[in-house]
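Residue numbers for the sequence shown follow the working numbering, so the first one is 18 and each next one is one higher.
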Amino acid sequence: MKDVQTRVEEVLSLVHKRNPGEAEFHQAVREVVETLEPVLEKHPEYGEHKIIERICEPERQIIFRVPWQDDNGEVQINRGFRVGFNSALGPYKGGLRFHPSVYLGTIKFLGFEQTFKNALSGMPIGGGKGGADFDPKGKSDAEVMRFCQSFMTELYRHIGEMTDVPAGDIGVSGRELGYLFGQYKRITNRYESGVLTGKSPEWGGALVRREATGYGAVFFAQDMLRARGDDLAGKTCVVSGAGNVAIYAIEKLQALGARVVACSDSSGFVFHAQGLQLATIKQLKEVERLRIASYVEHHPDAEYHARGNIWSVPCQVALPCATQNELDEAAARQLIANGCIAVSEGANMPTTPDGIKLFLEAKLAYGPGKAANAGGVATSALEMQQNASRDRWSFEYTEQRLRNIMRSIHDDCWTTASEYGQQGNYVLGANIVAFQRLAEAMLALGII
Ligand code: NDP
Ligand code: 2IT
18 MKDVQTRVEE
28 VLSLVHKRNP
38 GEAEFHQAVR
48 EVVETLEPVL
58 EKHPEYGEHK
68 IIERICEPER
78 QIIFRVPWQD
88 DNGEVQINRG
98 FRVGFNSALG
108 PYKGGLRFHP
118 SVYLGTIKFL
128 GFEQTFKNAL
138 SGMPIGGGKG
148 GADFDPKGKS
158 DAEVMRFCQS
168 FMTELYRHIG
178 EMTDVPAGDI
188 GVSGRELGYL
198 FGQYKRITNR
208 YESGVLTGKS
218 PEWGGALVRR
228 EATGYGAVFF
238 AQDMLRARGD
248 DLAGKTCVVS
258 GAGNVAIYAI
268 EKLQALGARV
278 VACSDSSGFV
288 FHAQGLQLAT
298 IKQLKEVERL
308 RIASYVEHHP
318 DAEYHARGNI
328 WSVPCQVALP
338 CATQNELDEA
348 AARQLIANGC
358 IAVSEGANMP
368 TTPDGIKLFL
378 EAKLAYGPGK
388 AANAGGVATS
398 ALEMQQNASR
408 DRWSFEYTEQ
418 RLRNIMRSIH
428 DDCWTTASEY
438 GQQGNYVLGA
448 NIVAFQRLAE
458 AMLALGII
């Protein structure tokens with residue numbers, strides 16, 4: 018038997034060789050695999066059955082052409098993706114991202130994270146992810162509709178409520194899911210509600226799904242603080258992003274008595290010392306689809322910093338809710354120096370490995386995305402449950418289910434980290450809990 022460290026190094030070099038140039042995927046795998054040594058020591062059968070090697074190789078990867086016509090009649094061509102990463106625990110489940118930066122490596126990193134996150138959620142869902150290098154910014158509704166219809170015209174044959182269930186991610190929310198579902202329904206001649214989640218509550222979507230990722234990340238922050246005898250009331254917070262996750266993180270932080278002083282988009286950030294006015298942000302972003310810079314036109318006492326660094330704003334609690342690698346070592350250092358005590362990741366992999374190292378060394382409460390933002394996909398699983406039973410739950414009941422799920426995720430990570438002698442290390446806890454659930458299911462299902 019090879020020693021565990023050699024095996025871990027071999028896995029990483031194989032992932033590099035098989036997936037050249039996919040830096041985010043390499044990063045996501047390294048972050049997980051490096052924490053698994055103690056569990057591999059304890060369970061040699063995982064090594065014998067090459068569980069990690071199998072988890073790192075997606076079960077299937079689909080790449081397809083998405084042709085569509087813009088409003089000028091010009092033909093446009095994008096590239097679409099869907100990666101079915103792991104179906105040991107349930108049908109592939111995970112969002113679709115529409116952003117010009119999307120390539121296969123983005124989808125693989127997100128699919129890998131999703132596989133662990135979904136296992137950690139405790140719901141019966143496997144891991145998958147998809148998307149396209151399409152940029153919805155500046156496109157008319159009609160263009161977005163034609164793009165979504167063309168995308169689904171290929172995707173429909175690969176998905177299904179028992180096979181693969183997409184949802185939203187960056188650039189994909191209620192509007193896009195409506196067009197996607199409409200085309201799926203038309204092609205298949207089935208009103209198969211459970212094939213997509215994040216649908217509008219008017220036609221098959223679950224209440225609380227829209228709010229769930231942001232709310233969940235705040236619940237996770239609340240539980241991390243509670244474990245230290247503290248809470249969110251009165252805390253000064255910074256939330257990056259101004260999209261779906263950021264907006265509902267701000268909403269729940271404010272409801273729990275925290276003061277949120279800054280948020281951002283890819284152009285810059287706003288700082289509002291007296292606390293952000295969420296109604297303005299919702300109007301600008303959800304209705305008018307404008308840049309966050311416009312916020313200061315409504316609130317002249319706020320400041321806008323074009324291309325500024327939001328992590329320079331002093332805060333006690335930080336929620337990165339925009340995108341991967343948005344919080345680097347220098348930003349982590351600045352947050353710590355400014356007295357930040359908790360970081361809860363609404364985005365996927367927003368902190369760079371050097372940043373994470375600093376957070377762990379400083380022993381602040383650091384909740385990695387695969388734990389802290391699992392509330393979104395967990396509520397998607399609740400939507401699947403409602404669709405399967407043709408039922409509809411109240412907002413209060415669904416939010417309570419989400420609250421309980423976040424508490425369980427927190428407690429599972431906490432207990433496992435303590436068992437492995439690393440109390441308070443949610444990175445180690447999350448990775449080990451998720452890996453063991455996946456490993457046990459994969460052992461039971463045989464070599465497939
Ligand atoms: P949205 O598209 O609604 O919002 C994304 C926000 O992040 C926007 O403010 C956007 O600014 C900003 N952003 C996106 N890309 C970049 C970039 N490259 N650089 C700087 N800012 C950027 O997406 P979501 O809120 O749904 O997703 C945000 C994060 O949360 C992502 O990491 C996603 O994977 C993760 N997540 C989402 C879940 C969900 O349920 N939606 C569930 C779990 C995780 P701009 O408009 O200028 O591009
Ligand atoms: O990253 C994520 O967890 C999501 N984008 C949500 C996935 C889902 O299926 O709800």
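Beta carbons are placed, not taken as given, at the ideal position from N, Cα and C, and that holds for glycine.
Helix, strand or coil: how does DSSP classify residue i here?
{"i": "Pro218", "result": "helix"}
{"i": "Asn103", "result": "strand"}
{"i": "Lys59", "result": "helix"}
{"i": "Val189", "result": "strand"}
{"i": "Arg114", "result": "strand"}
{"i": "Gly446", "result": "helix"}
{"i": "Gly199", "result": "helix"}
{"i": "Gly438", "result": "coil"}
{"i": "Gly177", "result": "strand"}
{"i": "Glu413", "result": "helix"}
{"i": "Ile464", "result": "coil"}
{"i": "Tyr208", "result": "coil"}
{"i": "Asn36", "result": "coil"}
{"i": "Tyr232", "result": "helix"}
{"i": "Ala223", "result": "coil"}
{"i": "Glu27", "result": "helix"}
{"i": "Ser406", "result": "coil"}
{"i": "Thr170", "result": "helix"}
{"i": "Glu51", "result": "coil"}
{"i": "Asp429", "result": "helix"}
{"i": "Glu43", "result": "The identity of residue 43 in the sequence shown is His, whereas the question assumes Glu. DSSP places His43 in helix when its eight states are reduced to three."}
{"i": "Arg420", "result": "helix"}
{"i": "Arg71", "result": "helix"}
{"i": "Glu305", "result": "coil"}
{"i": "Leu213", "result": "coil"}
{"i": "Val21", "result": "helix"}
Which residue or residues does DSSP assign as beta-bridge partners of residue i?
{"i": "Gln93", "result": "Trp85"}
{"i": "Lys299", "result": "Answer by DSSP bridge pairing: none, since Lys299 is not bridged."}
{"i": "Gln78", "result": "Val100"}
{"i": "Val182", "result": "Lys110"}
Can you round the beta-carbon distance between residue i and residue j to whole angstroms, since I take them to be within the 8 Å contact cut?
{"i": "Tyr109", "j": "Gly144", "result": "7 Å"}
{"i": "Cys254", "j": "Val277", "result": "5 Å"}
{"i": "Phe286", "j": "Ile327", "result": "4 Å"}
{"i": "Phe126", "j": "Glu41", "result": "4 Å"}
{"i": "Gln341", "j": "Pro317", "result": "Incorrect: roughly 34 Å between the Cβ atoms, too far for contact."}
{"i": "Ser210", "j": "Gly221", "result": "4 Å"}
{"i": "Val256", "j": "Ala263", "result": "5 Å"}
{"i": "Met241", "j": "His427", "result": "7 Å"}
{"i": "Gly386", "j": "Ala348", "result": "Wrong, their Cβ atoms sit about 16 Å apart, outside the cutoff."}
{"i": "Glu76", "j": "Asn36", "result": "Between Asn36 and Glu76 the Cβ distance is about 15 Å, and since that is not below 8 Å, they are no contact."}
Run the CB neighbour count on residue i, radius 10 Å, all protein chains shown included, and call it buried at 16 or more, exposed below.
{"i": "Ser435", "result": "exposed"}
{"i": "Tyr414", "result": "exposed"}
{"i": "Lys134", "result": "buried"}
{"i": "Met179", "result": "exposed"}
{"i": "Gln333", "result": "buried"}
{"i": "Gly260", "result": "buried"}
{"i": "Ala319", "result": "buried"}
{"i": "Glu228", "result": "buried"}
{"i": "Phe412", "result": "exposed"}
{"i": "Thr432", "result": "exposed"}
{"i": "Val444", "result": "buried"}
{"i": "Thr230", "result": "buried"}
{"i": "Ser30", "result": "exposed"}
{"i": "Ala58", "result": "First, the residue type needs correcting, since residue 58 is Glu and not Ala in the sequence shown. Exposed."}
{"i": "Ser208", "result": "The displayed chain sequence assigns Tyr, not Ser, to residue 208. It counts as exposed."}
{"i": "Asp408", "result": "exposed"}
{"i": "Ala389", "result": "buried"}
{"i": "Gly111", "result": "buried"}
{"i": "Val360", "result": "buried"}
{"i": "Val92", "result": "exposed"}
Say whether chain D places a C-beta atom closer than 8 Å to the C-beta of residue i.
{"i": "Gly215", "result": "Here there is only one protein chain, and chain D is not present."}
> What are the uninterrupted segments assigned as beta strand (DSSP E) that are 3 or more residues long and contained completely in the segment 369 to 394, given in chain order?
Replying inline: Segments of the beta strand (DSSP E) lying fully in the segment 369 to 394: 382 to 384.
>> Quick check on the DSSP output: what are the complete beta strand (DSSP E) runs of length 3 or more inside the segment 234 to 296, in order along the chain?
In response: Qualifying beta strand (DSSP E) stretches, in chain order: 253 to 256, 276 to 282, 285 to 288.
>> Could you tell me which whole beta strand (DSSP E) segments of length 3 or greater appear in the segment 309 to 380?
In response: If we require 3 residues or more, the beta strand (DSSP E) runs fully inside the segment 309 to 380 come out as 320 to 323, 334 to 336, 359 to 361.
> What beta strand (DSSP E) runs, 3 residues minimum, are completely inside the segment 140 to 167?
Replying inline: Look at the segment 140 to 167 and you find these whole runs of beta strand (DSSP E), each 3 residues long or longer: 144 to 149.
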